[in-house]
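Peer 1: The structure under discussion is supplied below as structure tokens; questions concerning it will follow.
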Amino acid sequence: MQSSLKKSLYLGLAALSFAGVAAVSTTASAKSYATAGAYSTLKTDATKRNVEATGTNALYTKPGTVKGAKVVASKATMAKLASSKKSADYFRAYGVKTTNRGSVYYRVVSMDGKYRGYIYGGKSDTAFAGGIKSAETTTTATNPTKTTGYYLKDASKNTLWTAPKYTQYKASKVSLYGAKSDDTFTVSKAATKTREGSLYYYVTDDNNSSIAGWIYAGKGYDATITDSTKQDLGGLSLSASDAAATENNSVKINYIAKNGNTVATSTFVTKENGTKAGQSAATTTNNNGKTLAEVAKANVPSGYTLTADPVVTTNAVYGGTLNVDVYKSATSTITFWTKAAGVSAGTEIKTSEFVNGKPAITTTQAKSLTGDVTEDAPSLDGFFTAPIQSVTKTATDSMSVQKSDADTTAVTITKGAEYHVLYTYDPDASAAANKGAKKGDALKAVFAQVNVQGKATASTDDSGTTSNY
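Under numbering that gives the first Met the number 0, the sequence shown is numbered contiguously, ending at residue 468.
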């Protein structure tokens, strides 16, 4: 019995010893985390610490290999930011930590402040690598041929910035306190935003040198062009007039919508000398050789159309205003409907039901829809030049169909046979469905339909590929 007891104790102790070894082994295999050293603030010129993601590493709340690090932006997200065409997706590096494994993590923030965290930056704290690389957020551009005599077109829309927006972290608007509406500005530098390609000029107020900054000046500008009618000068006067607008040389243009509200304004400044307030401005021209009527037409606000063209300027005088009537440009949607008995338009047809996604009309066609803007329904006639075939269908039972697109003879097809629907535009039903509609309203194109034997082929209608404008 004692022998048996000794044997049991021996086996029990052996098992306990084995369990202890297993426990030690398990502890030894637990994940080993890196530790990060002290945080250091980067001291070099902030404008030299602009970086962009490479897309190879994620952004973390802590150095990525340190315990407790959480993902701020995944590797996939950083890859999207790396290929972005927006300056807002650049980053500014401002701090650094190095782990006990020699990995450097930079503290970065996106230019728009949306993303902030640590990203792997290689093995050196003096050069960016790994998940980020140095970025030139702007590229030096050529100054315009004319550099003096500009004035701000609309500071509420395009104003001065300490740097082109999002090309430097926390780029901000410049205070225009002390600037007068007739102050002129001089251009001294030009730069384009590397990602967007938009042009900015650095301008200084000729009457107050403390008011200076970068202003949006357009996109794709060719500085060798001297005719400013071909330039997009963005926030600066399009005419780059040597003289500021005064009551003796300018006319204010108000664009008036149908409800009587002013939706936009612009200013005409003549190049003629000796003009006076109250004098007719109907025939003189500006620096670009444009008359008041031409300037009024050129500056119609986006989304609006002149009610009368050309603009009547007979009574316009310097120091006065010219009211120009405009209406909201057409923004109609064209939908497709089947013709139902006794009803102008029955069930809406989804565009996907047609071969090649037709029918549709082009933007150019849509803008040319006839009909008075206040009374008559716009006409869709002439836009659908041929019958439209639907996609191929399979008969669920025996059914009577038309023999072919060209032959209207009735034939019977059996269950499982293929057929398609032939849609033919019905101008009378469409006119009835759109009665009372105006430009800008949703319009219905109504089609009669017949079932036709055989597979659908490519549509012969050539009316375009877009149904909206």
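No residue lacks a Cβ here, since even glycine has one placed at the ideal position from N, Cα and C.
#1: Helix, strand or coil for S354? Go by DSSP, reduced to three states.
#2: Bridge partners of S187, per DSSP?
#3: Report the residue from K270, A75, V316 and K96 whose alpha carbon sits nearest the alpha carbon of S39.
#4: Enumerate in chain order the residues of its own chain whose CB-to-CB distance from D205 is below 7 Å, with the five nearest sequence positions on each side excluded.
#5: Classify S123 as buried or exposed, calling it buried when 16 or more other Cβ atoms lie within 10 Å of its own Cβ.
#6: Between the beta-carbon of T264 and the beta-carbon of K275, is there less than 8 Å?
#7: A307 and L291 - do their beta-carbons sit closer together than 8 Å?
#8: Tell me whether K357 is buried or exposed, calling it buried when 16 or more other Cβ atoms sit within 10 Å of its Cβ.
#9: Count Cβ pairs between the stretch 191-209 and the stretch 68-79 that sit closer than 8 Å; are there 3 or more?
#10: Which residues bound the beta strand (DSSP E) around E417?
#11: Measuring straight from C-alpha to C-alpha, what distance separates K169 and G112?
#12: Apply the 10 Å Cβ neighbour rule to Y201 and answer buried if 16 or more other Cβ atoms are within range, or exposed otherwise.
#13: Please report how far the alpha carbon of S343 lies from the alpha carbon of Y424, in whole angstroms.
#14: Please classify K47: does DSSP put it in a helix, a strand, or coil?
#15: Considering only their Cβ atoms, is the gap separating N253 from V323 smaller than 8 Å?
#16: Is it right to say P309 is buried, meaning 16 or more other beta carbons lie within 10 angstroms of its own, or is it exposed?
#17: Cα-Cα, which of K172, P163, K164 and A444 is closest to S155?
#18: If I measure Cβ to Cβ from T34 and keep anything under 6 Å in the same chain, skipping five residues before and after, which residues do I get?
#19: Just grab the DSSP bridge partners of A33 for me.
#20: Which of the three DSSP states is assigned to A339 in this structure?
#21: Roughly how many angstroms lie between the CA atoms of P386 and A405, to the nearest whole one?
#22: Taking the alpha-carbon positions, what's the P62 to A457 distance?
#23: Does DSSP classify D324 as helix, strand or coil?
#24: If you run the structure through DSSP and keep just helix, strand and coil, what is D204?
#25: Could you tell me the boundaries of the alpha helix (DSSP H) in which V294 lies?
#26: Note down the Cα distance separating Y165 from L41, rounded to an integer number of angstroms.
#27: Confirm, please, whether the CB-CB distance from K69 to Y32 is below 8 Å.
Peer 2: With the given structure in hand:
#1: Note that residue 354 is Val in the sequence shown, not Ser. In this structure, V354 counts as helix in the three-state DSSP scheme.
#2: S187 pairs with nothing; no bridge assigned.
#3: K96
#4: D182, T183, F184 and T185
#5: exposed
#6: The answer is no: Cβ separation not under 8 Å.
#7: Against a cut-off of 8 Å, the Cβ pair of A307 and L291 comes out as no contact.
#8: Buried.
#9: no
#10: From DSSP, the beta strand (DSSP E) with E417 extends over E417 to Y424.
#11: 9 Å
#12: buried
#13: 12 Å
#14: helix
#15: V323 places its beta carbon less than 8 Å from that of N253.
#16: P309 sits exposed, since fewer than 16 C-beta atoms from the chains shown fall within 10 Å of its C-beta.
#17: Looking at the Cα atoms, K172 is the closest of the given residues.
#18: N99
#19: V65
#20: strand
#21: In a straight line, the C-alpha of P386 is about 11 Å away from that of A405.
#22: 58 Å
#23: strand
#24: Three-state DSSP puts D204 in a strand.
#25: Residue range L291 to A297 is occupied by the alpha helix (DSSP H) that includes V294.
#26: 20 Å
#27: no
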